[in-house]
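Q: Sharing a structure with you now.
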Ligand SMILES: Cc1ncc(C[n+]2csc(CCOP(=O)(O)OP(=O)(O)O)c2C)c(N)n1
Ligand code: SF4
Ligand SMILES: [Mg+2]
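Chains as they are written, first to last, in our numbering: chain A, 1418 to 1809; chain B, 10 to 309.
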């Protein structure tokens, strides 16, 4: 078994430690709550000479993504981190990072989008950009954050993938929560993650090329088709990367989805991110009461594990998906909408929306979800959205 | 090497077939810039007329004989910051890091990232070709469009006669960034321009260098292509566009203009100012005088 050091760290520190172990060439970032301490931690590592990365303190997130894009075009391994308004500001170079097929990892301490004015948790930021061509993985705890940064680079730089990866974790609930984390040894990470040497792009007089020349539609469509195909390959690759990671570090996260007590279940709750921990307890309690309840933790929103979700939901009588963000225009959460599109058959289902703007999703909330599942169980088809509203 | 030899001997690094409008200042500046910079260069060019002319490549072909990337309208200096930092890490300081962007990409959309890169002292030469508007998209106003100018978004109407505001003086603003080198140049003063490109490239090895080059646009300004150089010269002779440099904080006028011509002699052939009254010209003159006296104060 690999050597590791046990530390008690916040989610942001876990992201920073994971990044440091991946030896990026260049980091550029701009502060925003609740992400800031990721880059503060990395800046200290650079200042102390503990990592050799070039650190560029830019004047905005737009420039953060642009600086790392220039460095990636020049063949570098790069990193940045952000939240909400920062992600929104960088949208233009963000979309271009994936469509240029430049690999990288960006940590996102997810946060609600303004308005109303807010700085607290929510997944509206990353969910709103799930169709910008990036791979998106959502984490349940701090260990998973650290591990997914390392897995993220490996997946991202795979020649069959070459797509940037967002490691998303709930702002405050994870970014500022201290947990036990095993920090792997550098030599093991080096073994798992070989040096990055791109051959699909160079910005170098020794190999002159125009990066991204004006491109007519008949060629552009091929780029899009290629990008989508890479996303689909990533679905298989991410499982392999997870297995290989397990063989080196002894931890396996389950690939695109993780099923918990689903085997004999007739009702299932889909969760994403840190709420999953609470949901596990809720499932255990329901099981003690004799309910056949299971849990699907959706780990990847992009690529969306359509077949895995369809299979996991097959034969279930009722399911609900709990989202920490909304899908405007559907009156549902985005994960529900996508799971519904993936599901075959006409099981009873409904969307649950809660945990917006920093609100907690507690055991009582899952109790409500379970109650509604039981009530809807024998009524196939879509049911109205359950809003986990709190009294104020 | 004399500047004439530089122009005569060095290879034109723009691919044959790439061409902007006849008499375009931007194209001339690009060709001269690359002649001086040479093949050991990477260049970033955002959307604008140069990109529109195809020098950033088309389909699978390059439009230049050096690596080129069409950056976003607003991130050229930031993108090139990433590139130059990786080159510095690799110790490949011989490679020239060059950006060439329009006034819109520089003074408006891209100003934040430009100011950030200058403040950080990123090692690059950033060249702005200033045609005083968004030409590629149909000559809309920019913040370097001068007062009175007709543009497609500051049309001449019976109530509002062209652009109501004075232009932003970008080279002065850039000079306040502790840059290694800041200078203005004009295609009518080729020796001065070539020397400034050379100085800018040398300065880019130590920090941020910025060139602001007057760029006549026959199509937008509505003058004949054959008078582009003449227009550029008159802009300097009338003090509409002053030639100076700021070398590590030391200000110097590089082309003295002892006997200025009148502003009317410059604006005469430009139909974009064709509607201007004497009062409009006087207002523009006032701004020019203020700039002149600022420059004199900085030179000391
Ligand atoms: C973010 C963004 N907004 C708007 C545009 C549309 N656009 C393309 S070129 C351009 C104007 C460029 O003007 P300038 O930089 O002065 O170059 P010129 O065309 O004059 O050479 C604009 C507004 C864009 N490409 N990106
Ligand atoms: S419109 Fe003006 S700036 Fe653009 S290519 Fe033509 S002459 Fe040059
Ligand atoms: Mg312009």
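Ideal Cβ placement from N, Cα and C applies to all residues, glycine included.
If you measure from the beta carbon of residue 1483 of chain A to each beta carbon in chain B, is any gap under 8 Å?
A: By one-based count along the first chain, residue 1483 of chain A stands at place 66. Yes, its Cβ sits closer than 8 Å to a Cβ of chain B.
Q: Between the region 1490-1514 of chain A and chain B, which residues of the former have CB atoms less than 8 Å from a CB of the latter, in chain order?
A: The residues in question are 1490, 1491, 1492, 1493, 1495, 1509, 1510, 1513.
Q: Considering only heavy atoms of ligand 3, does any lie closer than 7 Å to the CB of residue 1583 of chain A?
A: Position 166 of the first chain, counting from 1, holds the residue named residue 1583 of chain A. No, Cβ of residue 1583 of chain A sits at least 7 Å from all heavy atoms of ligand 3.
Q: Is any heavy atom in ligand 2 found nearer than 7 Å to the beta carbon of residue 33 of chain B?
A: The residue you call residue 33 of chain B lines up with position 24 of the second chain. Yes, the beta carbon of residue 33 of chain B sits closer than 7 Å to at least one heavy atom of ligand 2.
Q: Residues bridged to residue 1497 of chain A by DSSP?
A: Residue numbering aside, residue 1497 of chain A sits at position 80 when the first chain is read from its first letter. Partner(s): A:1523.
Q: Closer than 8 Å, Cβ to any Cβ of chain A: which residues of the region 145-179 of chain B, in chain order?
A: Under the 8 Å Cβ criterion, the region 145-179 of chain B contributes no residue.
Q: Using a Cβ cut-off of 7 Å, pull out every chain B residue sitting near residue 1750 of chain A, in sequence order please.
A: On the first chain, residue 1750 of chain A is found 333 positions in, with the first residue counted as 1. Correct list: empty, because the minimum Cβ distance to chain B is about 32 Å.
Q: Measuring only the C-alpha atoms, how far is residue 1627 of chain A from residue 80 of chain B?
A: Taking the first residue of the first chain as 1, we reach residue 1627 of chain A at position 210. Taking the first residue of the second chain as 1, we reach residue 80 of chain B at position 71. For residue 1627 of chain A and residue 80 of chain B, the distance between alpha carbons rounds to 11 Å.
Q: Could you name the residues of chain A that residue 215 of chain B contacts, counting a contact when the two beta carbons are closer than 9 Å?
A: Against the second chain, residue 215 of chain B aligns to sequence position 206. Ordered by position in chain A, no residue passes the 9 Å Cβ test against residue 215 of chain B, which lies about 17 Å from the chain.
Q: Show which residues of chain B have a CB atom less than 8 Å away from the CB atom of residue 1477 of chain A.
A: In the first chain, counting from the first residue as 1, residue 1477 of chain A sits at position 60. What residue 1477 of chain A touches in chain B: 121, 122, 125.
Q: Using C-beta distances below 8 Å, list every residue in its chain close to residue 97 of chain B, excluding the 5 sequence neighbours before and after it, in chain order.
A: Translated into positions along the second chain, residue 97 of chain B becomes position 88. 132.
Q: Starting from the C-beta of residue 1423 of chain A, find all residues in its chain whose C-beta is less than 6 Å away, skip the five residues before and the five after it, and write them out in chain order.
A: One-based indexing of the first chain puts residue 1423 of chain A at position 6. If we look at residue 1423 of chain A and ignore the five residues flanking it on each side, its Cβ neighbours are 1599.
Q: Just to confirm the assignment, what range does the alpha helix (DSSP H) spanning residue 58 of chain B have?
A: Along the second chain, read from residue 1 onward, the residue named residue 58 of chain B stands at position 49. Element bounds for residue 58 of chain B: 58-61.
Q: Could you spell out where the beta strand (DSSP E) holding residue 183 of chain B opens and where it closes?
A: Start at 1 with the first residue of the second chain, and residue 183 of chain B comes out as number 174. No beta strand (DSSP E) holds residue 183 of chain B; the alpha helix (DSSP H) holding it covers 179-184.
Q: Leaving aside the five residues before and after residue 263 of chain B along the sequence, list all residues of the same chain whose C-beta is less than 7 Å from its C-beta, in chain order.
A: Here residue 263 of chain B refers to the residue found at position 254 of the second chain. Here the set comprises 201, 252, 253, 254.
Q: Between the Cα of residue 322 of chain B and those of B:73, B:57, B:217, B:288, spot the shortest distance and give me the residue it belongs to.
A: The structure shown does not extend to residue 322 of chain B, since chain B is modelled only from 10 through 309, so no value can be given for it.
Q: For residue 1710 of chain A, return the contacting residues in chain B, with the cut-off set at a CB-CB distance below 7 Å.
A: To locate residue 1710 of chain A, count along the first chain from 1; it is residue 293. Within 7 Å Cβ-Cβ: nothing; residue 1710 of chain A doesn't reach chain B, min ~49 Å.
Q: Spell out the partners DSSP gives residue 1553 of chain A in its beta bridges.
A: Counted from its first residue, the first chain places residue 1553 of chain A at position 136. Its beta-bridge partners are A:1583, A:1719.
Q: Any C-beta of chain B within less than 9 Å: which residues of the region 1624-1637 of chain A qualify?
A: Answer set for the region 1624-1637 of chain A: 1624, 1625, 1626, 1627, 1628, 1629, 1630, 1631, 1632, 1633, 1636.
Q: Against chain E, does residue 186 of chain B count as a neighbour if the rule is that its beta carbon must be under 8 Å from one of theirs?
A: The structure shown contains no chain E; its protein chains are A and B.
Q: Roughly how far, in whole angstroms, is the beta-carbon of residue 153 of chain B from the beta-carbon of residue 179 of chain B, given that I think they are within contact range, below 8 Å?
A: The count along the second chain starts at 1 and reaches residue 153 of chain B at position 144. The count along the second chain starts at 1 and reaches residue 179 of chain B at position 170. Their Cβ separation, rounded to whole angstroms, is 6 Å, which keeps residue 153 of chain B and residue 179 of chain B in contact under 8 Å.
Q: Among the residues of its own chain, which have a CB less than 8 Å from the CB of residue 1785 of chain A, if the five just before and after it don't count?
A: Here residue 1785 of chain A is taken as the residue at index 368 of the first chain, counted from 1. Once the five neighbours on either side are set aside, the close Cβ partners of residue 1785 of chain A are 1803, 1805.
Q: Could you tell me if the beta carbon of residue 151 of chain B falls within a distance shorter than 7 Å of some heavy atom in ligand 3?
A: As a working mapping, residue 151 of chain B is identified with position 142 in the second chain. Residue 151 of chain B Cβ: within cutoff of ligand 3.
Q: According to DSSP, simplified to helix, strand and coil, what is residue 1733 of chain A?
A: One-based indexing of the first chain puts residue 1733 of chain A at position 316. Coil at residue 1733 of chain A, not helix or strand.
Q: What three-state label does DSSP hand residue 1664 of chain A in the structure shown?
A: Within the first chain, numbered from 1, the residue matching residue 1664 of chain A stands at position 247. Helix, per DSSP.
Q: What does the alpha-carbon distance come out to for the pair residue 279 of chain B and residue 31 of chain B?
A: Position 270 of the second chain holds residue 279 of chain B. Position 22 of the second chain holds residue 31 of chain B. Roughly 16 Å between the two C-alpha positions.
Q: Since residue 1426 of chain A contacts residue 1635 of chain A with CB under 8 Å, what's their CB separation in whole angstroms?
A: Against the first chain, residue 1426 of chain A aligns to sequence position 9. Against the first chain, residue 1635 of chain A aligns to sequence position 218. In fact, because the Cβ distance is near 51 Å, the residues do not count as touching under 8 Å.
Q: Is the Cβ-Cβ distance between residue 1759 of chain A and residue 1733 of chain A less than 8 Å?
A: Taking the first residue of the first chain as 1, we reach residue 1759 of chain A at position 342. Taking the first residue of the first chain as 1, we reach residue 1733 of chain A at position 316. Contact: no.
Q: DSSP state of residue 1536 of chain A, grouped into three classes?
A: Here residue 1536 of chain A is taken as the residue at index 119 of the first chain, counted from 1. Note: residue 1536 of chain A maps to coil in three-state DSSP.
Q: Check whether chain B comes within 8 Å of residue 1471 of chain A, counting only Cβ atoms and requiring the distance to be less than that.
A: By 1-based counting over the first chain, the position of residue 1471 of chain A is 54. Chain B, which has a Cβ nearer than 8 Å to the Cβ of residue 1471 of chain A, makes this yes.
Q: Check each candidate in B:37, B:41, B:11 and name the one with the smallest Cα separation from residue 20 of chain B.
A: Indexing the second chain from 1 puts residue 20 of chain B at position 11. Per the Cα distances, B:41.
Q: Ligand 2 and residue 137 of chain B: does the residue's C-beta get closer than 7 Å to at least one heavy atom of that ligand?
A: Here residue 137 of chain B refers to the residue found at position 128 of the second chain. For ligand 2, not one heavy atom lies less than 7 Å from the Cβ of residue 137 of chain B.
Q: Which residues of chain A have a Cβ atom closer than 7 Å to the Cβ of residue 67 of chain B, listed in chain order?
A: Against the second chain, residue 67 of chain B aligns to sequence position 58. Result: 1630, 1631.
Q: Straight-line CA distance for residue 1701 of chain A to residue 1694 of chain A?
A: Working through the first chain from its first residue, we reach residue 1701 of chain A at position 284. Working through the first chain from its first residue, we reach residue 1694 of chain A at position 277. Approximately 11 Å, taken between the alpha carbons.
Q: How would you call residue 1579 of chain A, buried or exposed, if buried means at least 16 neighbouring beta carbons within 10 angstroms?
A: Position 162 of the first chain holds residue 1579 of chain A. It counts as buried.
Q: Measuring from the CB of residue 312 of chain B, is there a heavy atom of ligand 2 at a distance below 7 Å?
A: Here chain B comprises residues numbered 10 to 309, so residue 312 of chain B is not present and cannot be evaluated.
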